[in-house]
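Colleague:
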Amino acid sequence: MAQFKAHSVLPGFNLALGFTLLYLSLIVLIPLSSLFFKTATLGWGGFWEVTTGERVLASLRVTFFASFAAAVLNAIFGLVVAWVLVRYTFPGKRLVDALVDLPFALPTAVAGITLAMLYAPNGWIGHYFAEHDIKIAYTPLGIVVALTFIGLPFVVRTVQPVLADVEAEIEEAAASLGASRWDVFRRVIFPSIYPALLTGFALAFARSIGEYGSVIFIAGNMPFISEIAPLLIVSKLEQYDYAGATAIALLMLIISFILLLAINGLQWWSNRREIR
Amino acid sequence: MSLPHQLINNRKIATHESKAVTLVLITVALSYLLLFLGIPLFAVFYEALGKGWTLYWAALQDPDAWSAIELTLIAAAIAVPANLVFGVAAAWAIAKFEFRGKSVLITLIDLPFAVSPVVSGLIYVLLFGAQGWFGPWLQEHDIKLIFAVPGIVLVTIFVTFPFIARELIPLMQAQGKDEEEAAISLGASGWQTFWRVTVPNIKWGLLYGVILCNARAMGEFGAVSVVSGHIRGMTNTIPLHVEILYNEYNFVAAFSVASLLALLALVTLFAKSIVEYKVKDNGDRHPHGETE
Amino acid sequence: MSITIQNLNKQFGNFTALNNINLEVNSGELLALLGPSGCGKTSLLRIIGGLDVQNSGKIFFHGKDVEHRDARERNVGFVFQHYALFRHMTVFENVAFGLRVKPKKERHIETEIKRRVHELLQLVQLDWLADRYPTQLSGGQRQRIALARALAVEPQILLLDEPFGALDTKVRKELRRWLRRLHDELHVTSVFVTHDQEEALEVADRVVVMNKGNVEQVGSPDDVYAHPASPFVYQFIGNVNLFHSRTHALWTQQQGDAVAYVRPHDIDISLIPQQSSLPVVVKQVRAIGSVVRLEAAIGQDGETVEIELSRERFNITPVAVGDEVFIRPRQIKVFEA
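So this is what it looks like as structure tokens:
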């Protein structure tokens, strides 16, 4: 017999689920659906025209490349950070561990103005690069810097627990079979943390795609060069081009949703591997 | 085959890197964190206080700064409790009952995390803005939501929507419903069971969610920026006020106000670490075996 | 308080957990629901306690239909498999919980609650642990606290789900004797679920053997062991040798396909052939405590037969590995295959 809900002696299901669905609909679903309805007024042709405009495509390119570069940086260095935090002891480790979450806690606007100041050609860090004729702030490189900051905790926090769960016995077994330390890492440890690493990468990437606050201060916001897609939405809004802004927003929403599904799939995959 | 020659961390030597590799890895990790986290954090306070306390205090005592602080507190004071009630209700339904469509519901709850802050603001403009669905009706009744405080509160609720629920759902799922069933079989009512058995078991997870939710509620920039209208002293939150000061090249004032948010971030990290420690402590207390 | 179960059915999706169960639990008795994993015994217990709902069928407590009484109103004490102690409360508060959540007008005053909790803790001999938290207790102690907590509300029926399942062997044996004594003291109608036949046979007044959602047999421990009603019960309880009619028509005494069941200790041996005896070759001899266990092969490399003899009996007919002996069943049960 197909039932909606299995029997339980615990009360409150109808109240809890009813409230959940009502609140979810009012706060999330109905507002989000407005994107679809507003875009529908444009029609397919209009949607296509807006989203394939040169400036839009350029901004999407900038957004994607910068997000990808930042996520790659974080995947590499995040793995090292996770490794160091799990495997070694050194003074101040707990402090460093807590600090990793700073990008989650520090408002993006604060991060934005601080990074812009530091990486400006006359800034603390920027002037070293300026000596070699490398500009970071107000160029696409600046966007990568901001997005690296924003995405830093994701890889560390997804890899850390999985790495801690790798049993010492497995490594000992590999070592006793004659594997070198590098072999053990490459053939035993890395394969078991690989799904988590990929998940962390995807999470950082997804977060970066939509990021706004930390980027706009450091990006310089030059159309076609360092203008990100979320900023383009804001400028269209400021010109009262609601339909245009909505079309770009819908496209970004669809992209984020695909990423969300991919991340869920990755997590499912990684959980399944852990259970085995 | 060469035998490794030192011992760190009580681990067996055969499964350890050489001292040189260890040092290099630690150096790389710490440098990376210093470059991207340590220096920026220090810089906020340095820029704020670099020109002396007098300027710092002056920036904080500006009436516009005060009204921004007030508005931020109001938004958080509404958004956090609203999402707290929602989070508990959603977690109760999802973790303690079996029903169809549960995984879809969990995905939908996570949805706001996947939406760009700018888009979060935009959708509320599309609903309540002058040209939005409810725009004409709201204008007729002289109600202003967008470019006003209610709009700011609404988008703040939206962007912090999943925080508490996603903290509680896995926690309550892991705890199972044995204790609640035991309470019911001992004659406790639904509310008695909830307050006396469920709440004490989830209190740390609840607090954890509240801390994260609050940090985001007070610090949100993109979404609030879209619906705020940037009216000084009226619809500016702290992050928006920072932006205005920065764009006016009033860097000392900008970093002074920003230092408040940085301080909030530090308090958040500190509270978070303490709660994580408590949760870990509590988690061990759960004797769990397989059921038939 | 007696329990009557009539035509009870329970499905989980396509899986039949309980198939038309009819059962009578007498007032004051200690009844065991015995069966392998997944036989439906826990489902039955949860339905009696009101924690689950049947698809059809009725349950009566003392002749009264309890369909419209939920778990809170059935006045049943339930002891969970993993104890389900409230981990944020002390032992004392755990036991007091049922008294504290009573409606205001039925609630006792604090001193009375204190008195009764200590009485119960004394009953389970753990008064000295009152201020501890569940995590600080051993498995056996947790089990006894769970029982005290269930007894606090003075239930008329006590239901225990695998009460000793998560304990090690030694504690298990101690606790089940203790439970038996406790039951003799209190005389609360009790039903407990177990997959351990020794436990059921040692503790219960009557045993209900279940398999795949069906009741296979209901009877006293002696009855169930000595007169199994079905091949399943024969195999589930105690060791047994199987003889197929095709090869041993002599014993099954049946024309069709049938299987004869003989317990190892119901086999007699002799050195000379007797009426309807089988020749076997001894493959192994092991003395275990007061019994001697033989393993013998029928024919050249045929099936293995297990034989159990008392030491005295063995001393009368001492055999060694390689000897040919003749076996004969003292008691045999034949079921059609």
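Chains as they are written, first to last, in my numbering: chain A, 1 to 276; chain B, 1001 to 1292; chain C, 2001 to 2337. Just so you know, even glycine gets a beta-carbon here, dropped at the ideal spot from N, CA and C. The structure presented is a predicted model; accordingly, all values stated were derived computationally and were not measured.
By a C-beta neighbour count over all protein chains shown, 10 Å radius and 16 as the cutoff for buried, is A/Leu57 buried or exposed?
Modeller: Taking the first sequence and counting its residues from 1, one reaches residue 57 of chain A at position 57. Exposed.
Colleague: Do the region 2152 to 2162 of chain C and the region 2075 to 2083 of chain C make contact, defined as three or more Cβ pairs closer than 8 Å?
Modeller: They touch, by the three-pair rule.
Colleague: Between the alpha carbons of C/Leu2018 and C/Val2066, how many angstroms are there, rounded?
Modeller: Taking the third sequence and counting its residues from 1, one reaches residue 2018 of chain C at position 18. Taking the third sequence and counting its residues from 1, one reaches residue 2066 of chain C at position 66. So the two alpha carbons sit approximately 18 Å from each other.
Colleague: Let's test the definition: count the other Cβ atoms within 10 Å of the Cβ of B/Asn1201 and tell me whether it reaches 16, buried, or not, exposed.
Modeller: For this step, residue 1201 of chain B is matched to residue 201 along the second sequence. Counting other Cβ atoms within 10 Å of its Cβ, B/Asn1201 reaches 16 or more and is therefore classed as buried.
Colleague: Could you give the residue range of the beta strand (DSSP E) that holds A/Ser25?
Modeller: Position 25 of the first sequence holds residue 25 of chain A. Unbroken run through A/Ser25: none, as it is neither H nor E.
Colleague: Determine, for B/Tyr981, whether the minimum Cβ-Cβ distance to residues of chain A falls below 8 Å.
Modeller: No information on residue 981 of chain B is available, as it lies outside the stretch 1001 to 1292 that chain B covers here.
Colleague: Helix, strand or coil for B/Lys1144 per DSSP?
Modeller: For the purposes of this step, residue 1144 of chain B is taken as residue 144 along the second sequence, with counting starting at 1. Three-state result, B/Lys1144: coil.
Colleague: Take the Cβ of B/Val1080 as the centre, count every other Cβ of all protein chains shown within 10 Å, and call the residue buried at 16 or more, exposed below.
Modeller: Numbered from 1 along the second sequence, position 80 holds the residue referred to as residue 1080 of chain B. Counting Cβ neighbours within 10 Å, B/Val1080 comes out buried, since at least 16 surround it.
Colleague: For chain B, is any of its Cβ atoms less than 8 Å away from the one on C/Ala2084?
Modeller: Numbered from 1 along the third sequence, position 84 holds the residue referred to as residue 2084 of chain C. Closer than 8 Å: yes.
Colleague: Any beta carbon of chain C sitting closer than 8 Å to that of B/Ile1231?
Modeller: Start at 1 with the first residue of the second sequence, and residue 1231 of chain B comes out as number 231. Answer no: the Cβ-Cβ gap between B/Ile1231 and chain C never drops below 8 Å.
Colleague: Out of A/Leu147, A/Ala75, A/Asn74 and A/Val81, which one is the CA nearest neighbour of A/Ala109?
Modeller: Here residue 109 of chain A is taken as the residue at index 109 of the first sequence, counted from 1. Closest in alpha carbon position to A/Ala109, among A/Leu147, A/Ala75, A/Asn74 and A/Val81, is A/Leu147.
Colleague: With 9 Å as the limit, tell me which residues of the region 1109 to 1124 of chain B have their beta carbon closer than that to any beta carbon of chain A; keep them in chain order.
Modeller: Contact annotation: in the region 1109 to 1124 of chain B, residues whose CB is within less than 9 Å of a CB in chain A are Ile1109, Asp1110, Leu1111, Pro1112, Phe1113, Ala1114, Val1115, Ser1116, Pro1117, Val1118, Val1119, Ser1120, Gly1121, Leu1122, Ile1123 and Tyr1124.
Colleague: In three-state terms, what does DSSP make of A/Thr108?
Modeller: As a working mapping, residue 108 of chain A is identified with position 108 in the first sequence. It is helical.
Colleague: Name, in chain order, the residues that DSSP records as bridge partners for C/Ser2190.
Modeller: As a working mapping, residue 2190 of chain C is identified with position 190 in the third sequence. C/Ser2190 pairs with C/Leu2030 and C/Leu2158.
Colleague: Using the beta-carbon of each residue, which ones in chain C are nearer than 7 Å to B/Val1197?
Modeller: Position 197 of the second sequence holds residue 1197 of chain B. In chain order: Phe2086.
Colleague: Under DSSP, the beta strand (DSSP E) around C/Ala2296 begins and ends at which residues?
Modeller: Your numbering for residue 2296 of chain C matches position 296 in the third sequence. Start and end: Val2291 to Ile2298.
Colleague: If you measure from the beta carbon of B/Pro1150 to each beta carbon in chain A, is any gap under 8 Å?
Modeller: Reading the second sequence from its first residue, position 150 is the one you call residue 1150 of chain B. No, B/Pro1150 does not count as interfacial toward chain A.
Colleague: Can you round the beta-carbon distance between C/Ser1998 and C/Val2325 to whole angstroms, since I take them to be within the 8 Å contact cut?
Modeller: Because chain C in this structure spans residues 2001 to 2337, residue 1998 of chain C falls outside the shown range and cannot be described.
Colleague: List the whole-angstrom C-beta distance separating C/Leu2031 from C/Asp2223, where the pair is believed to meet the contact cut-off of C-beta under 8 Å.
Modeller: Along the third sequence, one-based indexing puts residue 2031 of chain C at 31. Along the third sequence, one-based indexing puts residue 2223 of chain C at 223. Incorrect: roughly 13 Å between the Cβ atoms, too far for contact.
Colleague: Taking the Cβ atom as the reference point for each residue, do C/Leu2159 and C/Ile2332 lie within a distance shorter than 8 Å?
Modeller: Counting from one through the third sequence, the residue named residue 2159 of chain C turns up at place 159. Counting from one through the third sequence, the residue named residue 2332 of chain C turns up at place 332. Going by C-beta atoms, C/Leu2159 is not nearer than 8 Å to C/Ile2332.
Colleague: Give the residues of chain A in contact with B/Ser1313, contact being defined as C-beta atoms less than 7 Å apart.
Modeller: Past the edges of chain B, shown from 1001 to 1292, lies residue 1313 of chain B, and the structure says nothing about it.
Colleague: Considering only the beta carbon of each residue, do B/Gly1087 and B/Gly1219 sit closer than 8 Å?
Modeller: Taking the first residue of the second sequence as 1, we reach residue 1087 of chain B at position 87. Taking the first residue of the second sequence as 1, we reach residue 1219 of chain B at position 219. No.
Colleague: Determine contact between the region 196 to 212 of chain A and the region 66 to 73 of chain A, defined as no fewer than three beta-carbon pairs at a distance below 8 Å.
Modeller: Judged by Cβ distances under 8 Å, the region 196 to 212 of chain A makes contact with the region 66 to 73 of chain A, as three or more pairs qualify.
Colleague: What residues are listed by DSSP as bridge partners for C/Met2210?
Modeller: Translated into the one-based positions of the third sequence, residue 2210 of chain C becomes position 210. Bridge partners of C/Met2210: C/Val2215.
Colleague: Using a Cβ distance threshold of 8 Å, determine whether the region 1226 to 1233 of chain B contacts the region 1120 to 1131 of chain B, with at least three qualifying pairs required.
Modeller: yes
Colleague: What are the residues in the region 2048 to 2078 of chain C lying within 7 Å of chain A by C-beta distance?
Modeller: Among the residues of the region 2048 to 2078 of chain C, those with a Cβ less than 7 Å away from any Cβ of chain A are Gly2050, Leu2051, Asp2052, Val2053, Asp2070 and Ala2071, in the order of the chain.
Colleague: Alpha carbon to alpha carbon, what distance is there between C/Leu2186 and C/Glu2162?
Modeller: In the third sequence, the residue the question calls residue 2162 of chain C occupies position 162. In the third sequence, the residue the question calls residue 2186 of chain C occupies position 186. One C-alpha to the other measures close to 20 Å.
Colleague: Starting from the C-beta of A/Gly112, find all residues in its chain whose C-beta is less than 8 Å away, skip the five residues before and the five after it, and write them out in chain order.
Modeller: Against the first sequence, residue 112 of chain A aligns to sequence position 112. Result list for A/Gly112: Ala146, Gly213, Ser214, Val215, Ile216, Phe217 and Ile218, in chain order.
Colleague: Can you tell me the Cα-Cα spacing of B/Arg1011 and A/Val159, whole angstroms?
Modeller: Here residue 1011 of chain B corresponds to residue number 11 of the second sequence, with the count starting at 1. Here residue 159 of chain A corresponds to residue number 159 of the first sequence, with the count starting at 1. Any reading at B/Arg1011 must be qualified, since the residue scores a pLDDT of 44, below 50, and its modelled position is unreliable; the value itself is stated next. Looking at the two C-alpha atoms, the distance is approximately 20 Å.
Colleague: In chain order, what residues of the region 2 to 16 of chain A put their CB closer than 7 Å to some CB of chain C?
Modeller: His7 and Val9
Colleague: Got a sec: which bits of the region 204 to 215 of chain A sit with their beta carbon under 8 Å from any beta carbon on chain B, in order along the chain?
Modeller: Ala206, Ile209, Gly210, Glu211, Tyr212 and Gly213
Colleague: Thinking C/Val2285 and C/Val2319 are a contact (beta carbons under 8 Å), I'd like their distance in whole angstroms, please.
Modeller: Looking up residue 2285 of chain C in the third sequence gives position 285. Looking up residue 2319 of chain C in the third sequence gives position 319. So it is a contact: roughly 7 Å between Cβ atoms.
Colleague: Output the distance between the C-alpha atoms of C/Glu2308 and C/Arg2180, rounded to the nearest integer angstrom.
Modeller: What you label residue 2308 of chain C is simply residue 308 of the third sequence in a count that begins at 1. What you label residue 2180 of chain C is simply residue 180 of the third sequence in a count that begins at 1. Computed Cα separation, rounded: 30 Å.
Colleague: What does B/Glu1047 touch in chain A if you count any residue whose Cβ is under 7 Å from its own?
Modeller: Counted from its first residue, the second sequence places residue 1047 of chain B at position 47. Going along chain A in sequence order, the residues near B/Glu1047 (Cβ under 7 Å) are Met117.
Colleague: Do B/Phe1045 and B/Ala1262 have their beta-carbon atoms positioned less than 8 Å apart in this structure?
Modeller: Residue mapping note: residue 1262 of chain B aligns to position 262 of the second sequence, counting from 1. Residue mapping note: residue 1045 of chain B aligns to position 45 of the second sequence, counting from 1. A contact, by the Cβ cut-off of 8 Å.
Colleague: At least one CB of chain B closer than 8 Å to the CB of C/Val2233: is that the case?
Modeller: As a working note, residue 2233 of chain C is residue 233 in the third sequence. Not closer than 8 Å to any Cβ of chain B, the Cβ of C/Val2233 fails to qualify, so no.
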